[in-house]
Amino acid sequence: MLRDDPIHVRAREGRQRAAENQKHKLSLDAARRAFSEKLYRKALTHAREIPSNSHYAEQSATLASDARGQLARIAAKTVETQCSAGAWEKCYAATVEHLRLVPESSAYSAQMTRAAGELKKAGIEVEVFT
Numbered sequence: 101m102l103r104d105d106p107i108h109v110r111a112r113e114g115r116q117r118a119a120e121n122q123k124h125k126l127s128l129d130a131a132r133r134a135f136s137e138k139l140y141r142k143a144l145t146h147a148r149e150i151p152s153n154s155h156y157a158e159q160s161a162t163l164a165s166d167a168r169g170q171l172a173r174i175a176a177k178t179v180e181t182q183c184s185a186g187a188w189e190k191c192y193a194a195t196v197e198h199l200r201l202v203p204e205s206s207a208y209s210a211q212m213t214r215a216a217g218e219l220k221k222a223g224i225e226v227e228v229f230t
C-alpha cells in the first residue's frame, strides 16, 4: 500500500511502528539470550532498550525484573562473603551494587554504613551511597 501511495500517513505510521517493533523484538531476543547465558547485566541493558509503550514492554519489564533479581542475589552473596572475610572495600562495593538494585533494603544499607566505617578506620575515605 505504501508503495502505491507514499504520502498516505497511516501507512507510513504503520510501517514505522512495524520497524520499531522489529527492533524491540531483536532487543528482547538479545536480552533473553543474555539471561539464559547468565549474563544478567547484559540482559538488563538489552531489556532497557525497549520503551514502555512498545508492544514488547511487558515482556521486557518482566525480564528486566528477573535480571535485577539475579544481580541482587549475586551482590548479596558477595556482601556476605566479603564482609565476613573483612574485605571491606569489596564488601562496600557489593553493598552499593545491591542497594542500586534493591534501594529499600535497610539491612544492606546498615552493612554499607558498617563497611564505610571500617574503611574510614583504615584511612580510606568513601562516600556513603544514598
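Last residue of the sequence shown: number 230 in my numbering, and the count goes up by one each step with no gaps.
Backbone N, C-alpha and C fix where the C-beta goes; we use that ideal spot for every residue, glycine too.
Whole-number beta carbon distance between residue j and residue i, since they are thought to touch under 8 Å
{"i": "Leu-144", "j": "Arg-168", "result": "6 Å"}
{"i": "Gln-159", "j": "Leu-128", "result": "6 Å"}
{"i": "Thr-195", "j": "Ala-215", "result": "6 Å"}
{"i": "His-108", "j": "Ile-150", "result": "Going by Cβ atoms, the distance from His-108 to Ile-150 rounds to 28 Å, so no, they are not a contact pair."}
Alpha-carbon to alpha-carbon, residue j and residue i
{"i": "Ala-172", "j": "Arg-141", "result": "11 Å"}
{"i": "Gln-211", "j": "Ala-164", "result": "26 Å"}
{"i": "Leu-219", "j": "Tyr-156", "result": "44 Å"}
{"i": "Leu-102", "j": "Gln-116", "result": "At Leu-102, the pLDDT of 48 sits below 50, so the modelled position is not reliable; the number obtained from the coordinates is stated separately. Rounded to the nearest angstrom, the two C-alpha atoms are 11 Å apart."}
{"i": "Ala-175", "j": "Asn-121", "result": "33 Å"}
{"i": "Ser-206", "j": "Arg-112", "result": "51 Å"}
{"i": "Gln-180", "j": "Asn-153", "result": "Position check: residue 180 holds Glu in this sequence, whereas Gln was assumed. C-alpha separation (whole angstroms): 39 Å."}
Residue j beta carbon less than 7 Å from that of residue i
{"i": "Ala-147", "j": "Ala-131", "result": "yes"}
Can you check the region 142-187 for any beta strand (DSSP E) of at least 3 residues that lies completely inside it and give the ranges in chain order? none
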